[in-house]
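Residue numbers (this note's numbering), protein chains in the order written: chain A, 1 to 331; chain B, 1001 to 1331.
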């Protein structure tokens, strides 16, 4: 089973994913990538191959669809964390361990092997977002779960080998370092001035305007002032809600075309780059707090984090967010 | 000029490298990589092409060599930070900026276009290490410099496009987040028990033994307990010194074959993967403190940080350090 290990130099936890672990010889670099499940006849996420995944947690059909399912959620076959792992600490001060409790699910976004989210219609994107929320709210009932992260890896450069469009949901038994840092900063800000930091950022970016991509009734999409990567994009709801699980159905209906538009622009204006997106929420136990705001972050993988970033935790961004936003908005 | 921008959600600085900045259209993804300086007749780091780089900061010849230079240090042509940038803050609480003061140098490790560090003899590796130390000690005299990071990116997956072996040195005017975090943890540990955390880790890893690759009179090489990446390797000096600038010539002479051996093992046992290495030191102003220990970290880029890591700051390592160390040690 997986375990968490605490790095004594940072006091931060690392997931050592024994179960998805590769034996050392499997990591030896090959001259070219292994052929992956490029064809739907070998793809574990295609309809008819349901036996190739663990039994489903949930299936969803879109209105008017006559398919057996349009969206399907399954436990990850090689989970980084799992609900039945022991919730217990071990080791000593130096070699501190924690059971790999939590969850790791795969959302199969569509039955169609090559229908990237950037090519879906709004109704399909909305279906996926509603399923995310359903699973978020189901997973948060586990008392061991501290944080739920929903994310998508599109393409090999972004860390996936399976081309069939899918997303992932990980529920962790500890607060991961970056999530804790951001949450603490927001809490301190609120203690000082009584306002939500993220709502204030939204207002500042909106009035600055130079980094804004688009605005709708309920959402603002922009390239943040201190972007870590070129073309990093945030989509932020205007209505204050600390957790994605509290987003309303109407909000998700409106989020779908905004997300779809951002992804289509990546495809059309940036040559269809590999990308990650992440939905950030407050820790689950604090989900009604006034000082955090859920938001969606999209990171196209156009440049590579290198030795400087690994060593320092500081990013060098080789593009100006004011220029990249203008390129997308006006280009 | 470059500037630092503070992310209001983390209060951490990001370098927006205007000068090395790519215009947005240059980041559009191409079908294949651009042809890079693959041939030495176009390589800016090959002898005879010295005019293709800014004027040198230092050149070094190895004993008995009759070449014009064996190691050459130049300012980065597109520096992330530079000594003559204004040292001043600007902006407001949300959009806080800082001048891109500091330094960004390139160490051309060898005059030979394809002589990777993993193929060098000990004398050549030692020459590079001694030059690192010279530049470290020169750069730390700048009163604006807070931290000096020495690193190498080998291969495109590790973030470099120039194949001619080279390293980089960045001197920053702020303490980068990961460096500050590790330094604070070590300081707190020292305040609690009066010992250096890193010296204690060295002793713990040494006596556990399972993750150790090799031990010499002055160094221990091991895969740390909470490794973030498969085959992540640390080389730690046994003699307590908080800063790489204080390493003795004898230590660097002994470090050379240890580093060479680790890099050769990557080549021979892991299929010559792309990799980064980083030399960690205490902040420069605290370079004589008893609670930090310089060390060298090597990260082969065998797996890809994906949406989970970007969103949470938490790593999923898909290999057990006990198994990877045994694979290298005994394999």
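The C-beta atom is built at its ideal place from N, Cα and C for all residues, glycine as well.
DSSP-derived helix/strand/coil call for residue i
i: residue 1176 of chain B; result: coil
i: residue 146 of chain A; result: coil
i: residue 1028 of chain B; result: coil
i: residue 1314 of chain B; result: coil
i: residue 52 of chain A; result: helix
i: residue 1015 of chain B; result: strand
i: residue 112 of chain A; result: coil
i: residue 1005 of chain B; result: strand
i: residue 261 of chain A; result: helix
i: residue 1324 of chain B; result: helix
i: residue 1250 of chain B; result: helix
i: residue 151 of chain A; result: strand
i: residue 1217 of chain B; result: coil
i: residue 307 of chain A; result: helix
i: residue 301 of chain A; result: coil
i: residue 187 of chain A; result: helix
i: residue 1167 of chain B; result: strand
i: residue 1082 of chain B; result: strand
i: residue 1255 of chain B; result: helix
Range of the contiguous beta strand (DSSP E) that encloses residue i
i: residue 1137 of chain B; result: Here residue 1137 of chain B belongs to no beta strand (DSSP E); instead the alpha helix (DSSP H) covers 1122-1139.
i: residue 103 of chain A; result: 103-108
i: residue 1094 of chain B; result: Unbroken run through residue 1094 of chain B: none, as it is neither H nor E.
i: residue 71 of chain A; result: 71-75
i: residue 1239 of chain B; result: That residue, residue 1239 of chain B, is in no beta strand (DSSP E); it is neither H nor E in DSSP.
i: residue 1058 of chain B; result: 1058-1060
Partners in chain A for residue i, counting only beta-carbon separations shorter than 7 Å
i: residue 1261 of chain B; result: Near residue 1261 of chain B there are no residues of chain A at all, since even the closest Cβ is about 18 Å away, more than 7 Å.
i: residue 1006 of chain B; result: 226
i: residue 1176 of chain B; result: 312, 313 and 314
i: residue 1170 of chain B; result: 308
Alpha-carbon to alpha-carbon, residue j and residue i
i: residue 284 of chain A; j: residue 305 of chain A; result: 30 Å
i: residue 6 of chain A; j: residue 1259 of chain B; result: 26 Å
i: residue 234 of chain A; j: residue 143 of chain A; result: 30 Å
i: residue 1126 of chain B; j: residue 1253 of chain B; result: 6 Å
i: residue 329 of chain A; j: residue 1011 of chain B; result: 28 Å
i: residue 148 of chain A; j: residue 104 of chain A; result: 10 Å
i: residue 116 of chain A; j: residue 1182 of chain B; result: 40 Å
i: residue 312 of chain A; j: residue 1179 of chain B; result: 5 Å
i: residue 1097 of chain B; j: residue 280 of chain A; result: 25 Å
i: residue 1333 of chain B; j: residue 53 of chain A; result: The question about residue 1333 of chain B has no answer, for chain B in this structure spans 1001 to 1331.
i: residue 1043 of chain B; j: residue 262 of chain A; result: 38 Å
i: residue 1109 of chain B; j: residue 1070 of chain B; result: 7 Å
i: residue 1045 of chain B; j: residue 1064 of chain B; result: 22 Å
Proximal residues of chain B, C-beta to C-beta of residue i below 8 Å
i: residue 204 of chain A; result: 1094 and 1095
i: residue 133 of chain A; result: Correct list: empty, because the minimum Cβ distance to chain B is about 17 Å.
i: residue 265 of chain A; result: Going along chain B, no residue has its Cβ under 8 Å from residue 265 of chain A, so there is no contact; the nearest lies around 12 Å.
i: residue 235 of chain A; result: Result: empty, since nearest Cβ-Cβ is about 14 Å, beyond 8 Å.
i: residue 84 of chain A; result: Ordered by position in chain B, no residue passes the 8 Å Cβ test against residue 84 of chain A, which lies about 19 Å from the chain.
i: residue 197 of chain A; result: 1008 and 1009
i: residue 153 of chain A; result: 1306 and 1307
i: residue 327 of chain A; result: 1024 and 1025
i: residue 187 of chain A; result: Simply none; closest approach about 12 Å.
i: residue 297 of chain A; result: 1310 and 1311
i: residue 28 of chain A; result: 1269, 1270 and 1271
i: residue 158 of chain A; result: 1304, 1306 and 1307
i: residue 182 of chain A; result: 1009 and 1010
Beta-carbon neighbours of residue i, restricted to chain B and to distances below 7 Å
i: residue 280 of chain A; result: 1311
i: residue 276 of chain A; result: 1306, 1307 and 1310
i: residue 210 of chain A; result: Here the premise fails: no neighbours, minimum Cβ distance about 11 Å.
Cross-chain neighbours of residue i in chain A, by beta carbon under 9 Å
i: residue 1074 of chain B; result: Chain A residues near residue 1074 of chain B: none, gap ~17 Å exceeds 9 Å.
i: residue 1066 of chain B; result: Those within 9 Å of residue 1066 of chain B in chain A number zero; the least Cβ separation is about 32 Å.
i: residue 1201 of chain B; result: 8, 9 and 94
Segment limits, alpha helix (DSSP H) that includes residue i
i: residue 208 of chain A; result: 197-208
Interface partners of residue i on chain B, CB under 9 Å
i: residue 163 of chain A; result: None at all; the shortest Cβ gap to chain B is about 15 Å.
i: residue 103 of chain A; result: Correct list: empty, because the minimum Cβ distance to chain B is about 13 Å.
i: residue 179 of chain A; result: 1311, 1312, 1313 and 1314
i: residue 191 of chain A; result: Simply none; closest approach about 14 Å.
Contact list for residue i against chain A, beta-carbon separation under 8 Å
i: residue 1330 of chain B; result: None at all; the shortest Cβ gap to chain A is about 11 Å.
i: residue 1284 of chain B; result: Within chain A, no residue comes near residue 1284 of chain B; the closest Cβ sits about 14 Å away, beyond 8 Å.
i: residue 1315 of chain B; result: 14 and 15
i: residue 982 of chain B; result: There is no way to answer for residue 982 of chain B, as the model of chain B reaches only from 1001 to 1331.
Whole runs of the beta strand (DSSP E) within the region 264-288 of chain A, excluding any shorter than 3 residues: Restricted to the region 264-288 of chain A, the beta strand (DSSP E) segments that are unbroken, complete and at least 3 residues in length are 275-280, listed in chain order.
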